[in-house]
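Numbering (this note's numbering), first residue to last: 64 to 283.
Even glycine gets a Cβ: it sits at the ideal position worked out from N, Cα and C.
In what follows, a structure is listed as structure tokens, so that the remarks can point back to it.
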């Protein structure tokens with residue numbers, strides 16, 4: 064029999080997408096502006112840094128997906144990544160918004176390209192197992208659709224936050240506001256660990272429900 068998920072489980076799981084949406088939207092909306100207006104890179108060099116980072120994404124996705132699928136622990140395949148991955152994810156995101164103390168354009172390009180690669184790797188180790196949990200929560204098509212609806216609602220919320228709150232923190236993207244940009248980078252993913260823990264709790268809640276149902280069925 065297909066598993067029907069509670070609203071609590073859907074909310075716990077769906078809320079995990081706020082952090083992913085928030086950080087990805089921040090990068091898409093403000094990173095290039097930060098690199099040109101705060102760091103001082105030319106548009107071409109800023110684009111090169113981002114291109115290198117984004118090019119790594121299509122390489123690491125299948126590698127990390129393979130690792131996650133073949134992970135075997137007492138917590139399951141996905142939960143270890145959701146429990147222990149958010150901290151490096153947050154630290155790597157902060158690196159993207161730090162203005163290093165050197166001026167050479169080549170060194171800055173190398174730094175931000177490396178920071179992007181590190182961030183993308185850390186993020187993939189969290190969001191790849193997270194997204195892979197959707198079909199593992201239930202085998203029912205309608206329930207999967209409902210779970211995804213909850214997740215996308217939280218994703219939209221994260222995007223709306225990332226378009227408004229950062230500007231309240233930074234104000235204007237100018238060199239003098241580099242510390243504020245770093246603060247924005249530090250605050251944005253700070254609650255991601257909590258949300259990923261909630262998402263892993265959703266998986267545990269489903270398991271407990273299954274076990275309870277199986278024990279009830281077996282006792283009949």
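State the DSSP-derived secondary structure class of residue i, mapped to helix, strand or coil.
i: residue 162; result: coil
i: residue 69; result: coil
i: residue 184; result: helix
i: residue 196; result: coil
i: residue 84; result: helix
i: residue 237; result: coil
i: residue 136; result: coil
i: residue 201; result: coil
i: residue 167; result: coil
i: residue 91; result: helix
i: residue 79; result: coil
How far does the alpha helix (DSSP H) with residue i in it extend, from its first residue to its last?
i: residue 147; result: 142-147
i: residue 112; result: 106-132
i: residue 204; result: 204-233
i: residue 103; result: Run containing residue 103: none; DSSP gives neither H nor E here.
Within its chain, find whatever has a CB closer than 7 Å to the CB of residue i; leave out the 5 residues flanking it on each side and keep chain order.
i: residue 111; result: 172
i: residue 68; result: 200, 201, 206, 210 and 269
i: residue 96; result: 236
i: residue 74; result: 213
Between residue i and residue j, which are expected to be in contact by the criterion C-beta below 8 Å, what is the C-beta distance as a whole number of angstroms?
i: residue 13; j: residue 238; result: No answer is possible for residue 13: the residues shown for the chain start at 64 and end at 283.
i: residue 214; j: residue 76; result: 7 Å
i: residue 192; j: residue 159; result: So it is not a contact: roughly 22 Å between Cβ atoms.
i: residue 284; j: residue 80; result: The chain is shown only over 64 to 283; residue 284 falls outside these bounds and no answer can be derived.
i: residue 251; j: residue 85; result: 6 Å
i: residue 109; j: residue 99; result: 5 Å
i: residue 127; j: residue 188; result: 6 Å
i: residue 183; j: residue 120; result: 5 Å
Sorted by chain position, which residues of the same chain lie with C-beta nearer than 6 Å to residue i's C-beta, five sequence neighbours on each side aside?
i: residue 175; result: 112
i: residue 115; result: 176
Ignore the nearest five residues each way along the sequence and tell me which others in residue i's own chain have a CB closer than 8 Å to its CB.
i: residue 244; result: 97, 101, 160, 162, 233 and 236
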